[in-house]
Structures are given as structure tokens and as C-alpha cells.
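2 protein chains.
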Amino acid sequence: MCPDPIRPSDGELAILSVLWRRGPSTVREVHTELAQERDLGYTTVLKLMQIMADKGLVTRDASAMTHVYRAARDQEPTQAFLVQDLVRRAFAGSAKDLMVRALESQTATGEELDEIQRLLDAARRKAEAP
Amino acid sequence: MCPDPIRPSDGELAILSVLWRRGPSTVREVHTELAQERDLGYTTVLKLMQIMADKGLVTRDASAMTHVYRAARDQEPTQAFLVQDLVRRAFAGSAKDLMVRALESQTATGEELDEIQRLLDAARRKAEAP
DNA sequence: TCAAAGTTACGAATCCATTCGTAGGTGTCA
DNA sequence: TGACACCTACGAATGGATTCGTAACTTTGA
Numbered sequence: 005m006c007p008d009p010i011r012p013s014d015g016e017l018a019i020l021s022v023l024w025r026r027g028p029s030t031v032r033e034v035h036t037e038l039a040q041e042r043d044l045g046y047t048t049v050l051k052l053m054q055i056m057a058d059k060g061l062v063t064r065d066a067s068a069m070t071h072v073y074r075a076a077r078d079q080e081p082t083q084a085f086l087v088q089d090l091v092r093r094a095f096a097g098s099a100k101d102l103m104v105r106a107l108e109s110q111t112a113t114g115e116e117l118d119e120i121q122r123l124l125d126a127a128r129r130k131a132e133a134p
Numbered sequence: 005m006c007p008d009p010i011r012p013s014d015g016e017l018a019i020l021s022v023l024w025r026r027g028p029s030t031v032r033e034v035h036t037e038l039a040q041e042r043d044l045g046y047t048t049v050l051k052l053m054q055i056m057a058d059k060g061l062v063t064r065d066a067s068a069m070t071h072v073y074r075a076a077r078d079q080e081p082t083q084a085f086l087v088q089d090l091v092r093r094a095f096a097g098s099a100k101d102l103m104v105r106a107l108e109s110q111t112a113t114g115e116e117l118d119e120i121q122r123l124l125d126a127a128r129r130k131a132e133a134p
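Top line first, the protein sequences correspond to chains L and Z. Just so we're on the same page, this note's numbering is the position in the first sequence counted from 1, plus 4. Just so we're on the same page, this note's numbering is the position in the second sequence counted from 1, plus 4.
Take a look at the structure:
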């Protein structure tokens, strides 16, 4: 479900996001979602999803005429990979610096801050008492 | 110093990182740094830096024969932009979720956790008493 | 039945990042 | 002075992402 992590391109990530949110979907469904954001032809999405199937980023059920696509990678490890990748490329490996930027430039709600606090506590416990 | 933010490519970001760390540098100096990591021709770095100058990502002093390049964007707003970009593309706009992934997948030291705690406190103060 | 709508397959064009070779100019030093 | 090292400029090749048009097939509904 999560083979050799490859950084998905912008278009691929947009499609994966739809599949993660909607679950297994047809090209038509994915295109309908993406077309709300930006102008995009149907066959453009189709072609991209076919390429993604070749790459192994998605699988598809071709038993019916209208194929059903499914993300071949879970969302969480992919997100983790992308964060680590950005940390390495833009933050010299310092995840702390990334969080600094995220906290600075984000107008987080109090609830979100509370949740981050809980995660921080958990990370601290894990760090201090392995 | 930070005009219309454009997402720098991988190569461009690598060069910007060197310029941020070293300050104004020559192509030779940047190439020496980058060549330690991966095999890379001198003219490859030169060409990329020339393109970056055309794009406005760097400026250069051509008064001497050996040109001196300088990052045209500060590091912090560029990092902030990249984080926001990733939040939008891979985390549906939730900076909190990005921080969750960063905390989960990172083996942060106690000191780093303490610093994140301080930043979190500051963000909370700013959120509760604007 | 048969035209319209929907679907996949696929080639091709385009754009961009990346890489490098070559040409030509400039400085250095023996 | 003259060979050598270093510099910039620039064209070109490569590869990948993206986009779309067209062809061919299937389903549907009047």
C-alpha cells in the first residue's frame, strides 16, 4: 500500500487528494471535482490517471466499462514523505524550523493550537521515556 | 526583496539555500558546495544561476569578471511560502495536519520540542489576546 | 434501430527543468 | 609572450509533466 515513496507531481497530488477524500472514483468524478478549481479537459485527467496507474500511484478496476481508480498509497505516509522532503530541501533538515514557519504564517484557531499542544506533549513523552 | 512569490524548482532551491547560508557567492563557490552532494557540472550551475537571474530569483554583480550572485528573496518568507504551498496542495489547507505529520515522523530532540513549545505559547498568546 | 452521449486508448504538441558541450574572452605566471 | 586556467554566454539535447484532439468502442434512450 505504500511502496517506494516517490514525490508525486502537482497534478498527481491533486488527483490523489481527490481519491483520498472521495475514495475509489471514476475519471468523471475526479474531473468534476478538479474542474471546479481550474479549467481542465476531461481527457487530460484521464491521461494523467492512466500514467499514474502505469507508475503504480493508483490502481484501477477495469472490470466495468467505466474504470474505477483507487489511490495506491495511503494519505498519511505520503504526507509524511512530502513534509520530510520539504524539510530536507528547504529547511536543511530541521523539522523544527518548518514548524516555526508554519506557526508564524498561520492564523491557527485556539482549538488547533490545543490539538498541536496535545501532539507536542505526546512527542515529548515519547522522547523522554522511550 | 521578496516580490511575487514563485515556487522555486529543486535546483533553484538548492542554489538559494547555498546563497542564504554563504551570502553573496560566485558560481564557483556555489558549484563547489553543491558538487559535494551530487555530481554536477560547473556550467550546469552557471546556466541555472543565469536563468534564475532572468527570473529575478537572484541578482548579480557583474562589475568584476567573476560575477557575484545574491539571493533576491529572503529565506524566511520563501520558507513560509513553501510551507503554505504544501499545506494547500497536500493538506487541504490545514497547517495543523502538516504539523501533526511533522511531529509524528520526526525524532525531535528535547531541546527542539522545548523551542516548539515556546513558539506554541507565543502563538496562543497572539490568538487569545489580539 | 440508431443517433447521442459517455468512455478508453493513444499520439502528439507544448512547456519547463536540467544538463552539458563548445566557443570565445580574460587573467596569470613562468 | 604564450600556454594554461578560469570565466561567461549560449545553443542544444534530454526527460518529464501537462494538455488536448481524435479515433474507436459501448451504453442509452427516443
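Glycine included, each C-beta is placed from N, C-alpha and C at the ideal position. Being a predicted model, the structure only gives us computed values, none of them experimental.
Within 9 Å of the CB of L:Gly114, the CB atoms of chain Z belong to Arg128, Ala131, Glu132, in sequence order along the chain. The C-alpha of Z:Val31 lies about 12 Å from the C-alpha of Z:Ala66. Taking a beta-carbon distance threshold of 8 Å, Z:Val87 counts as an interface residue toward chain L. Taking 8 Å as the cut-off between beta carbons, none of the residues of the stretch 41 to 60 of chain L comes near chain Z.
The continuous alpha helix (DSSP H) containing Z:Asp118 extends over residues 114 to 132. The stretch 7 to 17 of chain Z and the stretch 56 to 72 of chain Z touch, with no fewer than 3 CB-CB distances between them shorter than 8 Å. The DSSP assignment places 79 to 94 as complete runs of the alpha helix (DSSP H) inside the stretch 66 to 95 of chain L, in order along the chain (cut-off: 4 residues). Cβ proximity to chain Z below 8 Å picks out Glu80, Thr82, Gln83, Ala84, Leu86, Val87, Gln88, Leu90, Val91, Arg93 from the stretch 66 to 93 of chain L. By the beta-carbon neighbour count (other beta carbons within 10 angstroms, threshold 16), L:Lys100 is buried. Minimum Cα-Cα distance from Z:Val91 among the listed residues L:Met103, L:Gly97, L:Ser98, L:Ala96 corresponds to L:Met103. For the options Z:Asp125, Z:Lys51, Z:Leu86, the alpha carbon positioned closest to that of Z:Arg77 is the one of Z:Leu86. Looking at the DSSP output, Z:Ser109 bridges to nothing. L:Trp24 sits close to L:Ala75, with the two beta carbons spaced by under 8 Å.
According to DSSP, Z:Val62 shares a beta bridge with Z:Ala75. Shortest Cα-Cα distance from Z:Ser98 to any of L:Glu115, L:Asp89, L:Ala94 involves L:Glu115. Within chain Z, the C-beta atoms nearer than 7 Å to that of L:Ile120 come from Lys100, Met103, Leu124, in chain order. By the neighbour-count criterion, in which a residue is buried when 16 or more other Cβ atoms sit within 10 angstroms of its Cβ, L:Tyr73 is buried. Interface annotation, Z:Ala106: in contact with chain L, CB-CB separation under 8 Å. Against chain Z, the CB of L:Ala39 has no partner CB under 8 Å away; the residue lies outside that interface.
Taking C-beta separations shorter than 8 Å and ignoring five residues to either side along the sequence, Z:Glu132 has no partners in its chain.
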